[in-house]
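Numbering follows the UniProt record's numbering, with no gaps: position 321 of the sequence shown is 321. Don't be surprised by glycine CBs; every beta carbon is placed ideally from N, CA and C.
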Amino acid sequence: MFDRDRWGEIFEAIGKNKLRTFLSGFTVALGILIFTILLGLGNGLLNSFLSSFVDDAQNIIFIRGGNTSKAYKGFQENRRIQFKNEDFEFIKSNYIGKVEFATPRIYRNGSAKYKKESGSYSIRAVHPDHQYLEKTIMMNGRYLNESDINERTKNIVIGRLVEKDLFKNEKALGKMLNVDGIAYKIIGVFQDSGGDNEERIIYMPYKTVQLLYGNNDHIDQINLSYNMAMSTEQAIAFSKKIEEDLKEKFKVAPDDQSAIRVRSFAEDIKETMVILGGIYMIIFVVGIGTLISGVIGIGNIMTFSVKERTKELGIRKALGASPRSIIAMVLQESVLITSVAGYLGLILGILALKLIGNNLEEFFILNPKVDTGIIMTATLVLIFFGLLAGYIPARRAAKIKPIIALRDE
């Protein structure tokens with residue numbers, strides 16, 4: 001393997017046949033390059049999908065009300081389904097053991113003012129469980145608690161950018177903030193990995209908002225997280241069970257799709273994984289096809305090489321070269337070309353993905369990268385098959401009879 005003379009002969013043979021070597025190496029490098037880029041783009045699609053979970057629990061279920069689309073049990077169509085506190089309690093008490101956290105949501109926009117600074121911000125009225133559903137990270141102070149809900153306190157939690165906008169270099173914790181003409185005490189400042197919009201939100205106790213902004217018990221939305229012990233199929237079945245129970249509670253037709261909408265991330269995950277599975281299968285087929293074409297190219301080139309060097313190989317055998325040494329020389333040349341070209345294709349593929357970067361976000365491809373281990377494995381597999389591709393012509397070379405080879409023109 002480390003015979004200097006043999007390596008010298010291999011490089012000499014390669015040097016004499018530059019075009020042949022280039023063509024055989026090109027097919028291998030192209031195969032790895034295409035495989036790397038396709039796999040990276042597939043991973044970019046997966047990253048784009050996973051980014052939608054960055055600031056929400058992955059086991060979350062959203063429940064929203066709408067308008068009925070058909071008459072049912074004496075009720076007319078276009079009836080507004082309005083959730084109330086009792087519906088939130090219905091969810092909490094009816095599915096004990098299946099629900100981890102649950103919160104109502106009430107949406108508002110409000111004008112906040114501190115000294116001379118002011119701005120418009122999103123207001124979300126929530127239950128303390130919302131912290132775990134939204135993956136809210138407290139920087140200072142605390143989140144809302146049960147006492148804030150039951151006592152309808154005027155305590156609020158503000159986002160990092162709300163503090164930055166209104167308080168400048170001051171610390172907001174413990175200060176009073178005027179929101180829509182009402183003074184609230186800031187008990188916490190949070191950060192959120194969901195982006196700037198998620199950090200320009202003000203959280204309030206939902207019962208406080210119900211009292212101050214309408215004196216009712218209306219809820220816009222109910223969010224909950226299911227027990228992580230559930231499988232994806234069980235989670236989907238659970239979300240459908242909630243939808244069926246709520247439709248029965250509100251006297252909504254079972255096939256009415258617009259009155260009560262229940263969406264589970266489990267369904268999104270399942271649908272997306274099916275799509276991604278199809279994409280990865282296409283990538284696999286195309287990639288493997290390209291790699292196989294490279295292997296076939298190596299085999300053809302090595303066959304041509306052996307035929308071209310028939311006289312040379314015959315002289316070697318006439319001078320005492322063993323069949324094993326002839327096979328080893330041909331295989332070493334095949335492996336050398338495959339290895340160098342394969343790793344060159346790998347490097348070019350990784351560089352291409354780095355150049356692409358996040359320029360394909362509009363096509364839902366985010367941070368397209370590849371696991372180097374996977375690509376290295378693919379390259380090693382390619383080298384192995386390159387070895388096999390070179391073995392057939394190598395065997396043919398080993399069987400050349402010196403007398404016949406010397407007659408070859």
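Inter-residue Cα distance where the pair is residue i and residue j
i    : j    : result
A259 : N169 : 47 angstroms
E146 : R152 : 10 angstroms
I236 : A328 : 59 angstroms
Y391 : G357 : 41 angstroms
S48  : S225 : 22 angstroms
I326 : S293 : 26 angstroms
N155 : K164 : 19 angstroms
M1   : V330 : Caution is warranted here: a pLDDT of 49 is assigned to M1, below 50, making its placement in the model unreliable, and the coordinate value is therefore given only provisionally. Cα to Cα, the separation comes out at about 12 angstroms.
D268 : F238 : 14 angstroms
K247 : D217 : 20 angstroms
G277 : F284 : 10 angstroms
G15  : L46  : 44 angstroms
N85  : V370 : 48 angstroms
L351 : L380 : 20 angstroms
L353 : P368 : 6 angstroms
T290 : T303 : 20 angstroms
Q76  : F83  : 18 angstroms
Expected contact under 8 angstroms - CB spacing of residue i and residue j to nearest Å
i    : j    : result
D148 : P104 : At roughly 14 angstroms, the Cβ-Cβ gap does not stay under 8 angstroms, so D148 and P104 are not in contact.
L382 : I34  : Contact doesn't hold; Cβ gap of about 12 angstroms is too wide.
S339 : I298 : Incorrect: roughly 11 angstroms between the Cβ atoms, too far for contact.
S111 : S120 : 6 angstroms
V219 : F88  : As written in the sequence, residue 219 is Ile, which differs from the Val given in the question. Right, their Cβ atoms sit about 6 angstroms apart.
Y280 : G42  : 5 angstroms
I365 : L346 : Going by Cβ atoms, the distance from I365 to L346 rounds to 20 angstroms, so no, they are not a contact pair.
G174 : I186 : 7 angstroms
Y184 : V126 : With a Cβ gap of about 14 angstroms, Y184 and V126 do not count as contacting.
N67  : N78  : 5 angstroms
Proximity test, residue i beta-carbon vs the ligand MN heavy atom, cut-off 6 angstroms
i    : result
K116 : Only the bare structure without any ligand can be found here, which leaves the ligand MN out of the picture.
CB contact flag (residue i, residue j, <7 angstroms)
i           : j    : result
E199        : G159 : yes
L161        : Y114 : no
L166        : E117 : yes
E100        : N227 : yes
I288        : S24  : no
A378        : P323 : no
A341        : V28  : yes
V286        : G386 : no
I301        : R20  : yes
V209        : I106 : yes
residue 430 : D129 : With the chain covering 1 to 409 only, the question about residue 430 has no answer from this structure.
I201        : R108 : no
Cutoff 7 angstroms: residue i Cβ touching any chain C Cβ
i   : result
F62 : Any reference to chain C falls outside this structure, which holds one protein chain only.
Discussion item. Counting beta carbon pairs with one atom in the stretch 179-192 and one in the stretch 130-150, are three or more of them shorter than 8 angstroms?
Written reply: With the cut-off at 8 angstroms, the stretch 130-150 and the stretch 179-192 touch.
Item to complete: Would you be able to state if there are at least three C-beta pairs under 8 angstroms between the stretch 262-272 and the stretch 56-67?
Response: yes
Discussion item. Closer than 8 angstroms is the cut-off here; do at least three beta carbon pairs connect the stretch 227-239 with the stretch 33-48?
Written reply: Result no; under three Cβ-Cβ pairs closer than 8 angstroms.
Item to complete: Report yes or no: do three or more beta-carbon pairs, one from the stretch 65-72 and one from the stretch 237-255, lie closer than 8 angstroms?
Response: yes
Discussion item. At 4 residues or longer, what runs of the alpha helix (DSSP H) sit wholly inside the stretch 99-154?
Written reply: Those alpha helix (DSSP H) runs which fall completely within the stretch 99-154 and span 4+ residues are 130-133, 146-150.
Fill in: Completely contained beta strand (DSSP E) runs for the stretch 249-306, where each covers 3 or more residues
260-264
Worksheet item: Can you give, in chain order, each stretch of the alpha helix (DSSP H) that sits fully within the stretch 179-218 and has at least 4 residues?
Response: 206-212
Worksheet entry | Secondary structure, alpha helix (DSSP H): runs of 4+ residues fully inside the stretch 37-99 | 85-94
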